[in-house]
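Here the structure comes first, spelled out in structure tokens, and everything after it is commentary.
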Amino acid sequence: MTTRRDFLQNSAAVVGSIALTSTLAQAKESNVPTSLYPDKLIDDTGKYVLLPLPYAYDALEPVIDARTVELHYNFHHKPAVAAANKAEDGLTLARETGDFALVKHYEKELALGLSSHILHTIYWTNLSTKGGNPTGSLLKEIEKNFKSFDKFKVHMAAATTSVEGAGWGILGYLPASGKLMVLQCENHQKLTAWGVVPILVLDVWEHAYYLKYQNRRAEYVNSLFSIINWDNVAARFDAATR
Ligand code: MN
């Protein structure tokens with residue numbers, strides 16, 4: 005019988021070796037099965053784990069300053085990983101003791117913390133100073149769903165900039181419908197459609213931009229478009245459509 009822990013360990017073994025874009029391409033060539041979520045979120049014991057940043061703190065300068073990346077990674081992403089683990093521990097204890105008094109608290113913490121971990125992991129790999137534009141099958145799919153890359157950009161920027169409070173602009177692919185879609189996410193876990201695989205996520209929590217841009221969220225969002233790692237977005241799209 006396969007337990008959930010076995011499943012997590014097997015998943016970790018599969019995705020652990022293909023954590024980032026470059027290795028994803030290698031995995032495709034060697035016929036290693038790839039996941040809809042080609043990120044290493046957990047360690048070998050099934051605990052959520054924080055991957056090292058794929059670049060130095062100052063790698064996204066001048067669009068995102070080094071201090072912002074340092075604070076963002078260490079004091080916003082990292083605590084979310086801890087919160088997700090704590091929530092799962094709380095739920096495990098509740099099952100063991102039969103005391104579900106805090107079940108609502110831990111379920112909310114799990115949704116928030118784990119969604120934060122998932123989105124931040126994608127965000128870091130979605131960015132690099134390489135810049136550029138989407139090409140190939142991803143570009144074709146963007147044009148099919150949004151008419152043109154420019155129309156997509158305007159839609160994505162508008163949805164991201166107008167998030168109420170803290171949240172994310174998300175480009176995702178829903179395997180069930182075969183559509184790319186823009187979602188506007190509040191906090192880390194609200195306003196999704198179940199099953200959508202995020203392939204490009206733009207963080208508009210104030211911690212992501214306030215040191216440099218203060219209240220000028222639109223300026224930050226527009227600047228982000230110059231540092232999107234479209235190879236990473238394309239690799240995620242390929243994995244989601246496989
Ligand atoms: Mn963030």
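Okay, so the sequence shown: first residue is 5 according to my numbering, each after it adds one.
Ideal placement from N, C-alpha and C gives every residue a C-beta, glycine not left out.
If you're wondering where the values come from, they're calculated on a predicted model, not measured in any experiment.
Starting from residue i, follow the alpha helix (DSSP H) in both directions and report where the run begins and ends.
i: residue 94; result: 82 to 101
For the beta strand (DSSP E) containing residue i, list its first residue and its last residue.
i: residue 176; result: 171 to 178
i: residue 251; result: In the structure as shown, the chain begins at 5 and stops at 246. Residue 251 is therefore absent and cannot be evaluated.
Using the three-state DSSP reduction, which class does residue i fall into: helix, strand or coil?
i: residue 59; result: coil
i: residue 246; result: coil
i: residue 227; result: helix
i: residue 46; result: strand
i: residue 8; result: Its pLDDT being 42, under 50, residue 8 is placed unreliably by the model, and nothing is read from it.
i: residue 207; result: strand
i: residue 158; result: helix
i: residue 77; result: helix
i: residue 116; result: helix
i: residue 126; result: helix
i: residue 110; result: helix
Thinking C-beta only, is residue j closer than 9 Å to residue i?
i: residue 188; j: residue 152; result: no
i: residue 236; j: residue 132; result: yes
i: residue 158; j: residue 173; result: no
i: residue 67; j: residue 127; result: no
i: residue 207; j: residue 123; result: yes
i: residue 169; j: residue 145; result: no
i: residue 76; j: residue 121; result: no
i: residue 229; j: residue 161; result: yes
Less than 9 Å between CB atoms is the rule here; does residue i satisfy it with respect to chain D?
i: residue 155; result: Annotation note: the requested chain D is absent from the structure, which comprises a single protein chain.
Work out the CA separation of residue j and residue i for me, nearest whole Å.
i: residue 112; j: residue 216; result: 31 Å
i: residue 106; j: residue 97; result: 10 Å
i: residue 147; j: residue 101; result: 53 Å
i: residue 74; j: residue 61; result: 6 Å
- Residues passing the C-beta test against the ligand MG heavy atoms, cut-off 6 Å: Among the ligands present in this structure, namely the ligand MN, the ligand MG is not found.
- Query: Do the segment 46 to 65 and the segment 77 to 90 make contact, defined as three or more Cβ pairs closer than 8 Å?
  - Reply: yes
- Indicate whether the contact test is met: 3 or more Cβ pairs, each with one atom in the segment 90 to 104 and one in the segment 188 to 199, closer than 8 Å. no
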